[in-house]
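Since the structure comes first, as structure tokens, the remarks are kept for the end.
Residue numbers (the numbering used here), protein chains in the order written: chain A, 1 to 254; chain B, 1001 to 1239.
Written out as structure tokens, the structure is:
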């Protein structure tokens, strides 16, 4: 089975894909930090961040439909806030919407949550769909993210598909024997499947470790190639960071 | 005839091993493999073949003595032993743990602390050897089983081993993939120990066969006579 739910489209050939992972990571994190620290009423700032995301997304050639689908992950959070906060927020001016009283401050909170989560998640999706996962982990490593995280990330990426396959095969074997999962007592079956999956993964981990030891692994991951940042990387990074900064500071001019 | 010491690649003396759960996997194994020999290690499932294999580079250390090219395998010289003995595991998904082929093939040489140029060279050479040149940047989970098997071989060939130990190298391959891989393995002119159930492969590329059953060596000799001994094969669950 083939999976690419983590970094689909990361192998396209676009100007954004060609950039160094470090440049992209720093640039996108700058946008995220600028965005989440912006006061909610600072409309122009959000317009600038959104514009930035749209420009990078267009240049990246990642299909718009894919980006939008991925962004649905934030929807539940926004919905939860949107359903309750405007009607339950106390204080400040209100207006009536049929039988309901709506708080203006409450609405602003919804906007705040929605716009910040959408822009931040869009940045992360763009980063992960324009950078191969292994490059991303190496980039993080060179940015001095503790190697514990990058190593776990790299192993996760390598083995999650195998574990998903294993779960899928178990599920098929189970369903072939007429399991329907409708009754409470069948919940135990699912529990045991999870336990089996865990044990198998643990055994696999042992075998992987053996295979690594067999090739002289002594607990430290040796470093290898050091690629240098080139001018397009610097150009992208400074362009994005400066624009984000301009967005963050635009409130002082308007 | 007793072989000269420098002709001996692997010497196993009275090796026994019991797993922590109490299962006695190996009982008094004696085995001498000469340099350049190709030995098929055969036997039913659970006979102890893989356990023996794990002793050859010190991943497991049982009672008894294992020598690789005259050096005893112990904690102190694990590094040297592991450079000499290339172990390829049965499941390529265990062998290949890196996000890209290049990193996996480079892993051994990097652990040998080679310079970046030498690492690059050995990666290139190893991939070329197994016919996978140009796949440096591919990730193993996008590869076919046969391709993964080839890359697995490359991950130890890149370390320049003098002894190759292969666990079921052609199991689960389709017939063409199997045939090609057998040819490839046959072309490596190093000492080879091949754990397998594949009688045909044993006959094709091994001069000698060792049969292990319930932790003991029950037969050891030229591959022809052993594979011709129907009673022995059927007792050992091989036919």
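The beta-carbon is built from N, C-alpha and C at its ideal position, and this holds for glycine as well.
For residue 1099 of chain B, a Cβ of chain A is located within less than 8 Å of the residue's own Cβ. Note that the C-beta distance between residue 1032 of chain B and residue 1068 of chain B is not below 8 Å. Pairing residue 23 of chain A with residue 236 of chain A gives a Cβ-Cβ distance under 8 Å. Relative to residue 1041 of chain B, the option among B/1210, B/1238 and B/1234 whose CA is nearest is B/1210. Put simply, the region 1071 to 1091 of chain B touches the region 1050 to 1062 of chain B. At least three CB pairs are less than 8 Å apart.
Below the 8 Å Cβ cutoff, chain A contributes 210, 213 and 214 as neighbours of residue 1059 of chain B, in chain order. Collapsing the DSSP output to three states places residue 1040 of chain B in a strand. Residue 1049 of chain B has no beta-bridge partner at all, per DSSP. Residues of chain B with a Cβ closer than 8 Å to the Cβ of residue 154 of chain A are, in chain order, 1098 and 1099. Residue state for residue 1177 of chain B is assigned as helix, using DSSP reduced to three classes. For residue 1016 of chain B, the secondary structure class from DSSP, reduced to helix, strand or coil, is strand. Non-local beta-carbon contacts of residue 251 of chain A in its own chain, meaning distances under 6 Å to residues more than five positions away in sequence, involve 42 in chain order. Residue state for residue 220 of chain A is assigned as coil, using DSSP reduced to three classes.
Counting C-beta pairs with one atom in each stretch, the region 1133 to 1146 of chain B and the region 1095 to 1114 of chain B have three or more that are closer than 8 Å, which means they touch. Looking at the backbone, the Cα of residue 199 of chain A and that of residue 166 of chain A are separated by about 12 Å. Taking a contact to require three or more Cβ pairs closer than 8 Å, the region 1177 to 1195 of chain B and the region 1156 to 1168 of chain B qualify as touching. The DSSP-derived three-state label of residue 1168 of chain B is coil.
Put simply, of B/1204, B/1028, B/1097 and B/1029 the residue whose alpha carbon is nearest the alpha carbon of residue 1182 of chain B is B/1204.
In the three-state reduction of the DSSP assignment, residue 104 of chain A falls in the helix class, which pools H, G and I. With a threshold of 16 other beta carbon atoms within 10 Å, residue 175 of chain A falls short and is exposed. In this structure, A/128 is the residue among A/244, A/192, A/128 and A/213 with its C-alpha nearest to the C-alpha of residue 70 of chain A.
Going by beta carbons, residue 232 of chain A and residue 19 of chain A fall inside the 8 Å limit. DSSP places residue 42 of chain A outside both helix and strand once states are collapsed to three, so it counts as coil.
Taking a 10 Å sphere around the C-beta of residue 1024 of chain B, we find fewer than 16 other C-beta atoms and assign the residue as exposed.
In this structure, the beta-carbon distance from residue 1161 of chain B to residue 1066 of chain B does not fall below 8 Å.
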